[in-house]
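Residue numbers (the numbering used here), protein chains in the order written: chain Y, 95 to 321; chain B, 95 to 321; chain V, 95 to 321; chain R, 95 to 321. Taking it in order: structure first as C-alpha cells, then the write-up.
Number of protein chains: 4
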Amino acid sequence: MGTGTTRKGGASARTVRAEGRWTRRKDARPAELLAAALDLFVERGYAGTRLDDVASRAGVSKGTLYLYYSSKEELFKAVIREGLVPVYEHGERMVDAHSGSAEDLIRNLLRAWWEMIGATNLGGIPKLMIAESGNFPEVTRFYFDEVVSRGRKLVARAVRLGIESGEFRDLPVDQIVRLMLAPVMLMAVWRYSFAFCDTTPLDPDSYLKLHVDVLLNGLRATEPALA
Amino acid sequence: MGTGTTRKGGASARTVRAEGRWTRRKDARPAELLAAALDLFVERGYAGTRLDDVASRAGVSKGTLYLYYSSKEELFKAVIREGLVPVYEHGERMVDAHSGSAEDLIRNLLRAWWEMIGATNLGGIPKLMIAESGNFPEVTRFYFDEVVSRGRKLVARAVRLGIESGEFRDLPVDQIVRLMLAPVMLMAVWRYSFAFCDTTPLDPDSYLKLHVDVLLNGLRATEPALA
Amino acid sequence: MGTGTTRKGGASARTVRAEGRWTRRKDARPAELLAAALDLFVERGYAGTRLDDVASRAGVSKGTLYLYYSSKEELFKAVIREGLVPVYEHGERMVDAHSGSAEDLIRNLLRAWWEMIGATNLGGIPKLMIAESGNFPEVTRFYFDEVVSRGRKLVARAVRLGIESGEFRDLPVDQIVRLMLAPVMLMAVWRYSFAFCDTTPLDPDSYLKLHVDVLLNGLRATEPALA
Amino acid sequence: MGTGTTRKGGASARTVRAEGRWTRRKDARPAELLAAALDLFVERGYAGTRLDDVASRAGVSKGTLYLYYSSKEELFKAVIREGLVPVYEHGERMVDAHSGSAEDLIRNLLRAWWEMIGATNLGGIPKLMIAESGNFPEVTRFYFDEVVSRGRKLVARAVRLGIESGEFRDLPVDQIVRLMLAPVMLMAVWRYSFAFCDTTPLDPDSYLKLHVDVLLNGLRATEPALA
DNA sequence: TATGAATGAGGATTCATTCAT
DNA sequence: TATGAATGAATCCTCATTCAT
C-alpha cells in the first residue's frame, strides 16, 4: 500500500540508486507499520491484536517490528502519538488564518475534521483511545492534552468569536463546544463499532449539515420569541 | 466476602418462595458476578480482564464462575444481555404512557436515560460495547438490535410526535434522533475513558439542560428567519 | 522421587485422609521443584535451562512452576537461598559444641562439609553460583554473605583456636582459611565440570585426608627449622 | 579501538610477508574479536553473551563476526583453544630448562602461572570452562586434555623431582599436584565471581607465598618428629 | 455447590544467523 | 571485506479452562 504510492512520487525515485533499496524501505517502514497497527488495534483492540498479524499485514516478519518499536506498548504509543497531532496542528493554522463569520468557521472546522479524520482511518483513533484508556493512563493523558484539549480550544475560539460578534447567544462556551463535537466524534466512533449492524446508515455530509444547521440555529442570538 | 452478609438478608425470601435454602443464594450469585464482571470489563476491556479478578471481586473462587457461566465469552454476553435491556423496557412503557408535549417527553427521556444508565455503572456498557464490537459481532448485533435500535425508536416516536403536532420543523427523523442521543451517550462514554484527565469536568445536569434547550430551540418550527 | 520417600514416613501418612492428596502434594512441590531446578541449573547453567525441562523433571507442567515461583529468576534465587544456608547453620552448631584439639575440629569440619555438601548434589551450588555471579549480583552477594562468609568464619574460629593453643604457628588467619577450603571447594566444583573427562579420578576420602595431613603438618608450630 | 595502534606495528610485518595490505589487519581481527568474546563470555556466560555485544566491543558490526567464525559456538571454541594452550607450551619449556631444587621450580611455576594467567584476563578461562562444561562436552574435553592435563603433568614432574631428590616425602603425586594447584586456580576463578563482594580481599603475592611455604613445609621429608 | 491446584495453548520478546548491498 | 536490515526459531510467561476433592 504505502510502498506503491510512495514509489509514484518519481522525484525521489530518481535518486534510488544513490539511496539503495533498503534505504527507501527503511524510511518507509515506520509509516507502514503504524498504518497496519492502527487498523488492527482499532479492529481488535490492543490485547486482541497479535504482533504477528501487524507484521504480516505490513509485509514484514515479526522480528522486524522490533527493529522499529521496542515493544507492543511502544508501538501502541506511537500509533497514538503520530496519529492525530499533525492534523490538529493543521487545524490550528486554519483558525489562525480565518476571517469571516464564526458560523463559517465552525462549518469549515467540522467539515475539515470529518474529511481529514472521521472519513479516513485516523477516525479509528478516538475509538481505540476510548477502548484502551483504562489500560494506558499515560497515553490517555497525552492524547487528552494533545488532541482533545487542543480540539476543544480550537472550537472554543470559534464559539467565542461568534458570541463576541453577536452571532450567538452568550452561553457557557465549554458546554457548547462539547455539543458541537459530540455528534461528529460519535459518528467516527460509530464507523468502527456499530456501523456494520446499521441497516439505515447515515449520509455523513447531510448529517453534518443538519447538525450544524440545527445547532447554529439553536445558538442564534436573533431569537427574541424564544427567550 | 460479601457472601456471608448477603445470606442474612435472604431469610424472608426463603420462606416466601418456600424453596431450598440455597435458592436465594443461587439467584444472587449471577447478579454479583455480573456486577463484578461489568466493572472490570469496562475498566480493562474484555481481554484485559482476568476471570480470577472477576471472581475475587465478587468474593468467590475462580471455579465458581464456571458453575454459572460456561466460558468467559458467555459471561461477557450475559453482561451485555442483562445490562440495558430491562431499562429500555422501562423506557418503552414511559413513552406509551406519555401525554403532553413532545418537548416534555424528550426532556424526560433524556433525563431518565442519564439517571438510570449514564449516571450509574450501566453507563459503562456503551463504552464496553464500542470497544469490543470488533471481537464479538454477534453480541454487537444483539446489542444493536435490543438496545440501540430500541432506543432510537423510542426517541423517534417522540420526535415524530413533535413534528406531527407542529412543535418541530419537518426534518429527517433518524438524523434528529442521533443528534439528540449523541451528547448524552458520549458523556457516558467519557465517564469511563477521559474523565480522569479532564480538569474542567462537566456538570451533567446543566449540560443536559443546555443540550435540550439548544437542540429544541434549533428544531422549533416558529423560525421564519431560517427558511 | 521426593514423593515416594516422603510417603514412607508413615507417621504423616496416617493423617492422609484428613489432609487430602493435594495437600500432601502441595507441601512437597516446592522441594521437588527446587531439586529439579538445581540439577538442571548446575548441568546447563541458568540461561541454558528451560523451565519446561525443570517442570517435566519434577513431573509437573510448565504452568505449575508459576504457582510456586513467579519467574525463572525467583526460582533461581530460591535454589540458592534454600540450598546451603541450613547446612551452614548446622556447621555453626558443630563448632559451638566442639571441645578438643583444633586439629580434630578442622578434620571434622572439612569432612562434614564434604559429606553434607560436596558429596551430595548440593555440591553443585558453588559451581552454579560461580557460573552465574556475573548475571545475578544480588544473589551473589546474598550467597557470599550467607554462605561463603559464614563458612570462612566457621573455619577461622577453628584456626584461631589452634593458634591460641599453640598447635599452629601464628600465620594470617584469613589466608590459612582459604588454603584450607580451596581443595575441598574445588573438588566439589570439579564433580560438576571436569570429572567426566578425568580418567584418573580422585578418591575423595584419601584426598581429603592427605590435604588435612599436609596442611596441618605445614602449619604445625613445632618447626624450629622454618622460623 | 586498539586497532589503529596495532596496525602501526604491522609495518614491518607487511614487507616481510609480502602480502596484501589487509593481511596484517586480517590477522589482527581475530585477536580483537577473541579478546572481546573472552571478556563477555567470562562476565555473562556463553548464553548470556550476545554476539551484538561482542561485535560492538570489538568495534565491528555483527556481520563481520561471521567472516571469521561461522557460528557462536565456533567463536567460543576458538576462545578456549587459542587462550591457554600457548601459555602452557611456554610452561613446558620452563620445566625442560630447569636445573636446581624442586622447591624453586614449584615456586617459579606457580608464580609464572599466576603472572601469565591468573593475573591477566586469561584467568577468566577456567571460570568460563567450569561454567560451560555441561553444555560443551567436546570443548571441555579439549580443554581438559590440552590444558588441565598438561598443567598437571608439568607440576607432577616437579613433584617427582623433589621426591626423587629426597626433598619431599613420598606421597601420592597426583593428589599432591591437585593440592598445589587448587588455591591458585580458585583464586583466579574468584576474581571473576565473588571478588566484587569480598571486603577483605587477598593480596595474591603474599597468599601465593604462604601457600607455597605451608605446602612445601608440609611435604618436607626432614620431619622426623611429626611422623 | 464451592474450591483451587493443575494444565497447556497462545503470544510477546530475544537473538543467532543470513544476505543484499 | 564490511555492513546492518530482515528473519524466525526458541523460550518465558499468562490465563482460560478443567477436575479431583
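Yeah, the Cβ is synthetic: ideal placement off N, Cα and C, and Gly gets one too.
Simplified DSSP assignment, three categories, for residue i
| i | result |
| --- | --- |
| Glu238 of chain R | Note on residue identity: the sequence assigns Phe, not Glu, to residue 238 of chain R. Three-state DSSP puts Phe238 of chain R in a helix. |
| Arg263 of chain R | coil |
| Asp268 of chain R | helix |
| Pro295 of chain B | coil |
| Ala289 of chain V | helix |
| Asn215 of chain B | helix |
Residue i - containing alpha helix (DSSP H), residue span
| i | result |
| --- | --- |
| Glu176 of chain R | Lys166 to Ala191 |
| Ser243 of chain Y | Ser243 to Glu258 |
| Asp299 of chain V | Pro298 to Leu313 |
| Ile224 of chain R | Gly218 to Glu226 |
| Trp207 of chain R | Ala196 to Trp207 |
Cβ of residue i within 9 Å of any chain B Cβ
| i | result |
| --- | --- |
| Ile224 of chain Y | yes |
| Arg175 of chain Y | no |
| Gly157 of chain Y | no |
| Ala141 of chain Y | yes |
| Val189 of chain Y | no |
| Asp121 of chain Y | no |
CB contact check: residue i to chain R, cutoff 9 Å
| i | result |
| --- | --- |
| Tyr182 of chain V | no |
| Phe238 of chain V | yes |
| Leu178 of chain V | no |
Residue i at chain V interface by Cβ criterion, 9 Å
| i | result |
| --- | --- |
| Tyr163 of chain R | no |
| Pro124 of chain R | no |
| Phe288 of chain R | yes |
| Val148 of chain R | no |
beta-carbon residue i near the ligand NAP non-hydrogen atom, thresh 8 Å
| i | result |
| --- | --- |
| Gly218 of chain V | The ligand NAP is not part of this structure, which contains no ligands at all. |
CB contact below 9 Å: residue i versus chain Y
| i | result |
| --- | --- |
| Leu145 of chain B | no |
| Thr234 of chain B | yes |
| Val154 of chain B | no |
| Ser227 of chain B | yes |
| Gly337 of chain B | Here chain B covers residues 95 to 321 and nothing more, so residue 337 of chain B does not appear. |
| Gly194 of chain B | no |
| Asp198 of chain B | no |
For the segment 297 to 315 of chain R, enumerate the residues whose C-beta is nearer than 8 Å to any C-beta of chain V, in chain order. Ser300, Tyr301, Leu304, His305, Asp307, Val308, Leu309, Leu310, Asn311, Gly312 and Leu313
At 4 residues or longer, what runs of the alpha helix (DSSP H) sit wholly inside the segment 133 to 161 of chain B? 145 to 152
Name, going along the chain, the residues of the segment 244 to 272 of chain V whose beta-carbon falls closer than 8 Å to a beta-carbon of chain R. Leu265, Pro266, Asp268, Gln269, Ile270 and Arg272
If contact means a Cβ-Cβ distance below 8 Å, which residues of the segment 201 to 223 of chain V contact chain R? Lys221 and Met223
Residues of the segment 127 to 139 of chain Y whose Cβ lies closer than 9 Å to any Cβ of chain B, in chain order: Val136, Glu137, Arg138 and Gly139
Give the residues from the segment 273 to 285 of chain Y that approach chain B closer than 7 Å (Cβ to any Cβ), ordered along the chain. Leu273, Ala276, Pro277, Met279, Leu280 and Val283
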